[in-house]
Structures are given as structure tokens and as C-alpha cells.
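*Asks:*
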Amino acid sequence: MKSFKYIFGMNSIYLGNNYLWTSFESLFLPFEIELLMPEKLQSIYLGMIAFTGIMIGISFNFFSGTISDLLNTRIGRRRPLILLGSGIVIISLLAFVIINKSILSVFLMYIMIEIGSNIAYGAYQPLIRDVIPSNQRSTSSGISGFFTLLGSAFGFGISGLLMGMHLLFYAIIIILITILITALTNFFTIQKDDYISKSELISSKLFKFIKNLNASKKFKWMYIANLFITIGSSGLIFFEYYYFEYDLNLKNTAIYVAIAGVSILLISALSAVAIGILADRINKEILLLIFPLTSGISILLISFIHNFYIFLVLGSIIGISYGNYFVITNSYMSFIVPHGRVGKYLSIFLVSTEIGSAFSPLLYGFILFIFKNLGPLAYSRLFEISSIFYLVGFIIILFKVINRKTIFKLKL
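Numbering (the working numbering), first residue to last: 85 to 496.
(1) By the three-class DSSP mapping on this structure, what secondary structure does residue 380 have?
(2) So, helix, strand or coil for residue 319, using DSSP?
(3) Could you check where the alpha helix (DSSP H) with residue 482 kicks off and where it finishes?
(4) Return helix, strand or coil for residue 459, following the three-state DSSP convention.
(5) Take every Cβ of the region 134-154, pair it with every Cβ of the region 230-249, and state whether three or more of those distances are shorter than 8 Å.
(6) Around the Cβ of residue 51, are there at least 16 other Cβ atoms within 10 angstroms (buried) or fewer (exposed)?
(7) Does the beta-carbon distance from residue 221 to residue 418 come in below 8 Å?
(8) Am I right that residue 135 and residue 446 are in contact with their C-beta atoms under 8 Å? What's the rounded C-beta distance?
(9) Spell out a yes or no on whether the region 250-263 and the region 379-398 are touching, meaning 3 or more CB-CB pairs, one atom from each, closer than 8 Å.
(10) Count the CB pairs spanning the region 126-134 and the region 447-456 that are closer than 8 Å, and state whether there are at least three.
(11) Would the region 459-476 count as touching the region 347-358 if we require 3 or more Cβ pairs under 8 Å?
(12) What is the rounded straight-line gap between the Cα of residue 255 and the Cα of residue 114?
(13) Apply the 10 Å Cβ neighbour rule to residue 457 and answer buried if 16 or more other Cβ atoms are within range, or exposed otherwise.
(14) Mind reading off the beta-carbon distance from residue 451 to residue 434? Whole number of angstroms is fine, and I expect it under 8 Å.
(15) Where does residue 488 land, buried or exposed, given buried means 16+ other C-beta within 10 angstroms?
(16) For residue 157, which residues does DSSP report across the bridge?
(17) Quick check: what's the CA-CA separation for residue 124 versus residue 326?
(18) Who are the Cβ neighbours of residue 292 in its own chain at under 6 Å, not counting the five residues just before and after it?
(19) With DSSP collapsed to three states, give me the class of residue 86.
(20) If you draw a straight line from the alpha carbon of residue 384 to that of residue 154, how long is it in whole angstroms?
(21) I need the boundaries of the alpha helix (DSSP H) containing residue 118, first residue and last residue.
(22) Quick check on residue 158: buried or exposed, where buried means 16 or more other Cβ atoms within 10 Å of its Cβ?
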């Protein structure tokens, strides 16, 4: 059994990572592109830059997860790549502060940040299987979800506030410091717990990649469902800035992005720990089913309503549902991936998230471009298509992943 102090320290790195990405995806990239490109081309450039950067990051995540399965250094197998990735992010953020005056420089710095972040993420994601007992994994996922959503709230709140005050430099420096602190906290918390055990060295020779991938039907279908759900959700954050400015006609957009982000994500973060603890007591599959359906319905409702305060209410429901979907998924996947290949398989699963995250802004950028003559209705089409992806993911989980006969059975 691990103490709550240990679990908090191990998962703290999610705070820095999501503080970084929420700030970039919802504020920094849209803001920089708005300064550098005409309005009609902003959504296209934003979608293309996001797609390219995320797709490049995928390969480094897979590389990191796979290599960290095999490393056996004096400081463990996961920690060297966690430090390497975090270091690349910190250096890239410093460069972004200095070099952000052209679309090419913004693009290149975004790619470097993607590379560093994915190297670190690919290494620390398997820790839930490496060091956390099976009866605490949902609790650990709940805490990681709490830090994930809290980091996103920091991104919207702190970065949004500083952007509203035209203080981009200070917004980036605070992120840099947070990443440094949380990476070091993770590093010193896990200490030597991530060494390769003899049993894993033996089992690693017994498992073949393709064989195991084909053998796990749940893994394959969950991979596909996750792809659709991620496409339905992740791209929206890139265009929230433009949605508030061009659809809701809100002035000082960054401040409203901050208000919405903080309000929604603080509520979501508080729910994540409770859901994680609950998931250790009930069948996780019912939660896998409920959260995507709830998010899809809420996003569909947003397409009919163009009001900031109603957006906050529905956005809070989406935040709770979508955030906790990933909390449960993180725990659920730790049980169905092969022993001795956890880094590789969780990286493979993350590829579905990354591909969805890359394709989503590209798709939504083209949707907004295609429907640009509809004015505010272009965003209604965006939300409607998003809800369809959620529905497809829900159907796949319902018919291909969960055991419908035992889904309501409690763990007593």
C-alpha cells in the first residue's frame, strides 16, 4: 500500500503538464496566430499547426514508453526520460519567450514543446502500473485527474489573467517554474521504485507485441472508442478563444476564457478524486459508459444556446464527465495491458488519444472554414459534429468493451 503523500507526489507532474497544454492550446497559440494571420485564415493555421505538432509528439511518446520499459539505469527506468523530457520543455519555453515573432518560429517552438512533453509523459504514465497496488489504482487515477484538471484550471485562470493584462512573458515563466517543481517532486517521490524487477525481465521475453495486441479484444475496441471520444473533445479547446470572440461577441476574450476555464475545471478537479475512490469500489465499466454519453449530450445542447452563462453550466458538466472519463480510463487500462510491457502498451493506447488530439483541431479548423459564411452558426455545426463523435465512442464501449451482464454489480 502506498501513502496518500506518495500518490500525491507521484501524480503531481500531471499538474505541470496540463498547465502547459491548456495555456498553449486555449490561449497562447490562438493569440499568437491572431496577431500573425488574417481572421479568415486563423482557424486553418491553428488546426494545421496543432495537428502537425501533436502528430510529431506521438512518435516520441511511443519511443519513451517503449524505451523506458527496457531501461535499467542507476536512477531507475522511468526517471531518466522524465528528466530529459521536462528539460526539453523548459528550454523550449525559454526559447518561445524570445522567439515568437513569426508563424514559423511559433510552429517550431510548439513542436519542441510537444517532443519534450511527450517524452516525459510516455515515461511517467506507466508508473500507475509500476508502483501502485491494484486496489489503489483508481484512487491514484483520481488524484492524477485532480492534478490534470487543476493544471488546466491554472492554464485558464493564471495564464488567461496574465494574457488579459498583456503579460505573456510572465505567464510562460510561471509555467516553466511549475513544470520544474512538479517534475522534481515526481522524481524524488518514486525514488528507486521504478527499477525493473526480475519477473518483468523474464516476462518481457515471453510477450510478443503483435500477439498480445491481437489477443486483447477489449484493448483494441477501447483504443478505437477512445480515438472517437478524443476527436469529439480535444479540438474544441483550441477554438474556445475564437468562439467567445466571434460567436458570443465577448470583449477582452482572454479574461472570459480564464473565467470559464477556472470555473469548469475547479469543479471537475474536485470531482476527480471522489470518482477515483468510488471506482475502486464499483464496476469501472459503468463509469466508462456514463461519462462519454453525458459529455456528448451536453455538447449538443451548447450548439443550440449562445449564452456565456449557460455555456458555463453545460461546460461544467462536460468538464466533470470528460475529465473523469480519462481518470477511469487510466485505471481501467492498467488492468488489461500485459505485464512487462506496460510502458509500450500504455503508449500505444495514448497514440489513440494523440491521434484524436491532432486530428480534432485540424478537422474543426476546416469545419469553421467551410461554414465561415454562416457566422455564429458555424460553431453550432462544430458542436453538433463533436457530439456525433462522442456518440460513436459511447456505442463502441457499450457493445464491444463492457460486460453488459455484470455492469451494475457492486464490489462488496
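Ideal Cβ positions, reconstructed from N, Cα and C, are used throughout, including at glycine.
*Replies:* By the coordinates alone:
(1) helix
(2) coil
(3) No alpha helix (DSSP H) holds residue 482; DSSP gives it neither H nor E.
(4) Residue 459: coil per DSSP, three-state reduction.
(5) no
(6) Lying before the first or after the last residue shown, residue 51 is absent from the chain, which here runs from 85 to 496.
(7) yes
(8) 4 Å
(9) no
(10) yes
(11) no
(12) 15 Å
(13) exposed
(14) Incorrect: roughly 25 Å between the Cβ atoms, too far for contact.
(15) exposed
(16) 160
(17) Whole-angstrom Cα-Cα distance: 11 Å.
(18) Interpretation of residue 292 is limited by its pLDDT of 46, a score under 50 that renders its predicted location unreliable; the figure taken from the coordinates is listed afterwards. So no residue of the chain qualifies.
(19) DSSP places residue 86 in the coil class of the three-state scheme, outside both helix and strand.
(20) 45 Å
(21) 113-120
(22) exposed
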